[in-house]
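Engineer:
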Amino acid sequence: MALPFLPGNSPNVNLGKERFHKSQHFECFNGLPMLVELDKPGIGGERLFGKKMKSKYSVYPKEDGRNLPSWIAFDKKVLCFEAYFHEEVLVAQDETYRIRKCKIYFYLEDDTIQVVEPQRKNSGIPQGTLIHRHRIRLPPPNDDDFYNIFHFNINQQMVFYSRTFTLTNCDAFTRNFLTKLGVRLNDPATVPDDPFSKQREQLEESMKPLRPYERHNTLKKFLDHDRKVLRFFCFWDNPVYRDPQELVLHYFLADDTVSITEVIPSNPRRPTVSTFLRRGKLPKHAPAQMKQLGQVTDRTVLNVLASESQGARFMLDSLNTGAVDEDFYKDSDLVVGGKVNVWGRKVIITDCDEFTKNYYRSKYGIEDFTPVQYKAPLAPKPPMSVPPYNGFGSEEDSLSSCQSILLKPHKKDFHKFMKKDGNVLNFRAKMMTTDLVDRDRVFIISFYLCDDSMSVFEQPQKNSGILGGKFLERCRVKKPGQELFKSKPSEYFTAQDLHVGVILSINGHNFHLLDADEYTLKYMEQHADEFPKANTGSILSKLRSISEGKQSEIRKFLTLSDPTNTGFIPYESFRGLLMGLDCGLSEHEILVLGRCFSENKQPEVDVGLMLAVAQDILKRKHFEKFPEMVKVFSHHDRRKIGRLSTKETRTFCKAFQLPVPGNLLESLLSKFCDGDYIDYHAFIAGLNWLEHPAPPVMPEDILRFEVNLRFDNGGAALKNINYSTLLQDVFSFNSNIEDPTTTVSA
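The sequence shown lines up with residues 763 to 1508 when you count with this note's numbering.
In structure tokens:
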């Protein structure tokens, strides 16, 4: 028994329902309400009673792991079917129907269909796109729905707008795609014959045109060989002037044409023209008998009938019975040493360029390209005598005035400048003189590798009575013992002439190089091929080549210098031994050898001293942009952690033109660096001499960083030498001796 339709006696159909919107049948276009479509769902998008919901697109099985929409997943994926339809012909006498072949394309991304008929020549009917791409409805009574992928199969009929199409076959992609969807494809169908189309094809094949078309396909040859030209060097013995006339023959591979130009000498004794032969095909047998007018043509015209009543009748000769054949030069006819007939002139090929040689090697396998000698070799040019230097300007400027009429500045080595710009070798030196005052003066000699220039700077000393500073302006320094006014260019000091222990004569002053900074020593050791004095391999070879007596003396001395048998001796003892034994080693080579076998202990740098020096420099330069630096650093600190990378910190310091020497700035950045980041608040606070002043520093400390020198890391920093490793590596014997006093006496 059914319950009465009363409140509380029937279930609530709205339980769990969340959508209660009502679909609209009207939309506004240009401010006017218009009826759009009657097939709208009910409240909440539910289907009304008796209404059939239409599917928007085909339902495809989702692939594993892919939730892409169809317009992305099936983009540019189209199913192609071969089909035909039967068309009745009612007004033609020769045919009653025709079979029209077409292709049906189904686009998977939006279920659109396109029908295209291939165009046939002289068909007389409009062909091409029969149905433009769009969604097609099913035939009645299912015209409220559209075709989808499951409606397609081969060997079946489909109706598009009252026209029946029979699908006969499909391509490989379509067959594979439908098979994966589970569609069982039918066997391919055959296309029925069209009697009238067959009759037309037979008629077209039997027809012979009166004007036969001869196709000369030169496009492929042009595309393959465009801009490829064979160049030959040749000459023609001119009988008028009795001298060989030099020519250059160009053979264009794109169209087999030839052009010849003349090589005009500097002082010609006869009238010359640049073009010897204009570009064109060159006949082999020329000049020949003059051809009659109209004899050389592409087509031969025959006079079929000529009468007074019917007039003249002409037709083209398809057999070309009157054609005149001419033989032209090809690339196979041109060889080195061969002759070319240029309209009666015998031109002899003497040589060719490298591209031409490679072309004949690859195509014809020719390897012999011996040039033909047709003239005596040129006499050697006498050397140009250069006048001596006159004393005005530099020697390079005076030499350029002798090379050309128009004065040009001397070209500098730009590649060397870009490669070695910023590389400076610094040496500490003293003046070699008998004057007691000048003997104690300390100089810094800097050699710039980018242009081989030098500068000398004197370190100021307290209570010396001599003002320090610039001693020699940066310039190239000539080697001593050269004449001032001479034709040969002067010799200048190079980087290889500077090393520890050498005596340089600079403008009449003799300087003894005592030491070098750490950068100079490292640079010379890293570029040992340029600096033989810093080549560790050659130094060890010199030690190995000394006599056995000196080797035993070195071993005994090194062992006696270490009574506790620690394996280390002082550097001064090591240096004195090698200098006293006369082993053929210079002082710089001994220094490099000591650095190779030293303890490698680097002294620590005081951070407070570096900050004090930096504040003193900033104070003297009146640098007060510390608040602006804090703002810029905080602006680029996106995460607001108070830290920036070392690269950014260095860039901002250069942007504010912080007047701190480069070595001092790099040392401070390395001290404040924690990993790859720097606490910029602490860094700027350490430099701020206004709010956090540092104690005063000594002048020598300031000079140490301003001049960018680190001589404490050179020879003075070598304390102990590991002689045990030296003996084992160089002389291949052990340094452990039980009682050295028994083998040698004091």
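For every residue, glycine included, the Cβ atom is placed at its ideal position computed from N, Cα and C. Treat the numbers as computed from the prediction; the structure is a model and nothing was measured.
By the DSSP assignment, the alpha helix (DSSP H) with Y1281 in it spans what residues?
Structural biologist: Sequence index remark: in the sequence shown, residue 1281 carries index 519 (1-based). Residues E1280 to Q1288.
Engineer: DSSP on I911, reduced to helix/strand/coil?
Structural biologist: Within the sequence shown, residue 911 is the residue found at index 149, counting from 1. If DSSP states are grouped into helix, strand and coil, I911 belongs with the helices.
Engineer: Find the nearest neighbour of D949 within the set H978, T928 and G1184, judged by alpha-carbon distance.
Structural biologist: Position 187 of the sequence shown holds residue 949. When each option's Cα is compared against that of D949, the closest is T928.
Engineer: Using the three-state DSSP reduction, which class does I1228 fall into: helix, strand or coil?
Structural biologist: Against the sequence shown, residue 1228 aligns to sequence position 466. Here I1228 sits in coil by DSSP.
Engineer: Among all the DSSP beta bridges, which residues are the ones paired with S1217?
Structural biologist: One-based indexing of the sequence shown puts residue 1217 at position 455. Answer by DSSP bridge pairing, in chain order: S1208.
Engineer: Report the rounded CA-to-CA distance for I1483 versus S1360, giving the unit in angstroms.
Structural biologist: Along the sequence shown, one-based indexing puts residue 1483 at 721. Along the sequence shown, one-based indexing puts residue 1360 at 598. Straight-line Cα distance between these residues: approximately 5 Å.
Engineer: Taking the C-alpha atoms as reference points, what is the distance between L992 and L1039?
Structural biologist: The residue you call residue 992 lines up with position 230 of the sequence shown. The residue you call residue 1039 lines up with position 277 of the sequence shown. Per the coordinates, the alpha-carbon of L992 lies some 16 Å from the alpha-carbon of L1039.
Engineer: Within 10 angstroms of the Cβ of S1208, are there 16 or more other Cβ atoms? Answer buried if so, exposed if not.
Structural biologist: Along the sequence shown, one-based indexing puts residue 1208 at 446. Burial call: buried.
Engineer: Return the chain-ordered ranges of every beta strand (DSSP E) run that is complete within the region 851-883 and spans a minimum of 3 residues.
Structural biologist: 859-869 and 874-879
Engineer: Taking the C-alpha atoms as reference points, what is the distance between L947 and N915?
Structural biologist: To locate residue 947, count along the sequence shown from 1; it is residue 185. To locate residue 915, count along the sequence shown from 1; it is residue 153. Rounded to the nearest angstrom, the gap between the Cα atoms of L947 and N915 is 6 Å.
Engineer: Where does I1111 sit, in a helix, a strand or coil, going by DSSP?
Structural biologist: For the purposes of this step, residue 1111 is identified with residue 349 of the sequence shown, where counting begins at 1. Reduced to three states, the DSSP call for I1111 is strand.
Engineer: Using only the alpha-carbon positions, how far apart do L1229 and P1222 sit?
Structural biologist: On the sequence shown, residue 1229 is found 467 positions in, with the first residue counted as 1. On the sequence shown, residue 1222 is found 460 positions in, with the first residue counted as 1. Going from the Cα of L1229 to the Cα of P1222 covers about 6 Å.
Engineer: Is there contact here, the region 1242-1254 with the region 1329-1339, by at least three beta-carbon pairs under 8 Å?
Structural biologist: no
Engineer: My output table needs one value for N938: the three-state DSSP class, helix, strand or coil.
Structural biologist: Taking the sequence shown and counting its residues from 1, the one referred to as residue 938 is at position 176. Note: N938 maps to helix in three-state DSSP.
Engineer: Which same chain residues end up closer than 7 Å to K1248 when comparing Cβ atoms and leaving out the 5 residues on each side of it in sequence?
Structural biologist: Locating residue 1248 in the sequence shown gives position 486, where the first residue counts as 1. Scanning its chain for C-beta atoms nearer than 7 Å, with the 5 sequence neighbours on each side dropped, one finds around K1248 the residues P1150 and Y1151, in chain order.
Engineer: Would DSSP call H1274 helix, strand or coil?
Structural biologist: On the sequence shown, residue 1274 is found 512 positions in, with the first residue counted as 1. In the structure shown, H1274 sits in a strand (DSSP, three-state: E or B).
Engineer: Please go through the same chain and pick out, in chain order, the residues whose beta-carbon is closer than 6 Å to the beta-carbon of Q919, but skip the five residues on each side of it.
Structural biologist: Within the sequence shown, residue 919 is the residue found at index 157, counting from 1. Excluding sequence neighbours, Q919 sits near T926 and T928.
Engineer: What is the C-beta distance between V1459 and L1371, in whole angstroms, given that I count them as a contact (C-beta under 8 Å)?
Structural biologist: Sequence index remark: in the sequence shown, residue 1459 carries index 697 (1-based). Sequence index remark: in the sequence shown, residue 1371 carries index 609 (1-based). Confirmed, about 7 Å.
Engineer: The beta strand (DSSP E) with E1024 in it runs from where to where?
Structural biologist: In the sequence shown, the residue the question calls residue 1024 occupies position 262. Its beta strand (DSSP E) spans residues T1019 to E1024.
Engineer: Quick check: the Cα distance between H1261 and K1182, rounded to an integer number of angstroms?
Structural biologist: For the purposes of this step, residue 1261 is identified with residue 499 of the sequence shown, where counting begins at 1. For the purposes of this step, residue 1182 is identified with residue 420 of the sequence shown, where counting begins at 1. One C-alpha to the other measures close to 19 Å.
Engineer: DSSP state of T1431, grouped into three classes?
Structural biologist: One-based indexing of the sequence shown puts residue 1431 at position 669. Correcting the residue identity first, residue 1431 is Leu in this sequence and not Thr. Of the three classes helix, strand and coil, the one that applies to L1431 here is helix, per DSSP.
Engineer: Which residue marks the beginning of the alpha helix (DSSP H) containing K982, and which one marks its end?
Structural biologist: Position 220 of the sequence shown, counted from the start, is the residue given in the question as residue 982. Its alpha helix (DSSP H) spans residues L981 to H987.
Engineer: Which same chain residues, not among the five before or five after S1215, have their C-beta less than 7 Å away from its C-beta?
Structural biologist: Position 453 of the sequence shown, counting from 1, holds the residue named residue 1215. Result list for S1215: R1236, C1237 and R1238, in chain order.
Engineer: Using a Cβ-Cβ cut-off of 6 Å (strictly less than) and excluding sequence neighbours within five positions of P1325, which residues of its own chain qualify?
Structural biologist: Within the sequence shown, the letter at position 563 stands for residue 1325. There are no such residues.
Engineer: Within the continuous beta strand (DSSP E) that includes E1008, where are the two ends?
Structural biologist: Mapped onto the sequence shown, residue 1008 falls at position 246. Taken as a continuous stretch (DSSP letters only), the beta strand (DSSP E) holding E1008 covers D1005 to F1014.
Engineer: So, helix, strand or coil for G1356, using DSSP?
Structural biologist: The residue labelled residue 1356 in the question sits at position 594 within the sequence shown. In the structure shown, the three-state DSSP call for G1356 is helix.
Engineer: Which value, in whole angstroms, describes the spacing of the CA atoms of V921 and D1018?
Structural biologist: Indexing the sequence shown from 1 puts residue 921 at position 159. Indexing the sequence shown from 1 puts residue 1018 at position 256. C-alpha of V921 to C-alpha of D1018: approximately 59 Å in a straight line.
Engineer: Candidates K784, S785 and K1119: which alpha carbon is nearest V1097's?
Structural biologist: Numbered from its first residue, the sequence shown carries residue 1097 at position 335. V1097 has its Cα closest to that of K1119, out of K784, S785 and K1119.
Engineer: Which of the three DSSP states, helix, strand or coil, is assigned to H978?
Structural biologist: Within the sequence shown, numbered from 1, the residue matching residue 978 stands at position 216. Coil.
Engineer: In this structure, how does DSSP classify N1188 when only helix, strand and coil are distinguished?
Structural biologist: In the sequence shown, residue 1188 corresponds to position 426, counting from 1. Note: N1188 maps to strand in three-state DSSP.
Engineer: Using the C-alpha atoms, what's the distance from K1125 back to D1259?
Structural biologist: Indexing the sequence shown from 1 puts residue 1259 at position 497. Indexing the sequence shown from 1 puts residue 1125 at position 363. Their Cα atoms are separated by approximately 57 Å.
Engineer: Span of the beta strand (DSSP E) holding E1345?
Structural biologist: Numbered from 1 along the sequence shown, position 583 holds the residue referred to as residue 1345. First, the amino acid is wrong: residue 1345 is Cys here, not Glu. Taken as a continuous stretch (DSSP letters only), C1345 belongs to no beta strand (DSSP E), as it is neither H nor E.
Engineer: Please classify T1083 as buried or exposed, where buried requires at least 16 other C-beta atoms within 10 Å of its C-beta.
Structural biologist: Residue 1083 sits at position 321 when you count from the first residue of the sequence shown. With fewer than 16 Cβ atoms within 10 Å of its Cβ, T1083 is classed as exposed.
Engineer: Output the boundary residues of the alpha helix (DSSP H) element that contains L1488.
Structural biologist: Position 726 of the sequence shown, counted from the first residue, corresponds to residue 1488. Here the alpha helix (DSSP H) through L1488 covers Y1485 to L1488.
Engineer: First and last residue of the alpha helix (DSSP H) that includes R1201?
Structural biologist: For the purposes of this step, residue 1201 is identified with residue 439 of the sequence shown, where counting begins at 1. R1201 -> alpha helix (DSSP H) spans L1198 to R1201.
Engineer: Tell me which same chain residues have a C-beta within less than 7 Å of the C-beta of L1302, skipping the five on either side of it?
Structural biologist: Within the sequence shown, the letter at position 540 stands for residue 1302. Hits under 7 Å: V1492.
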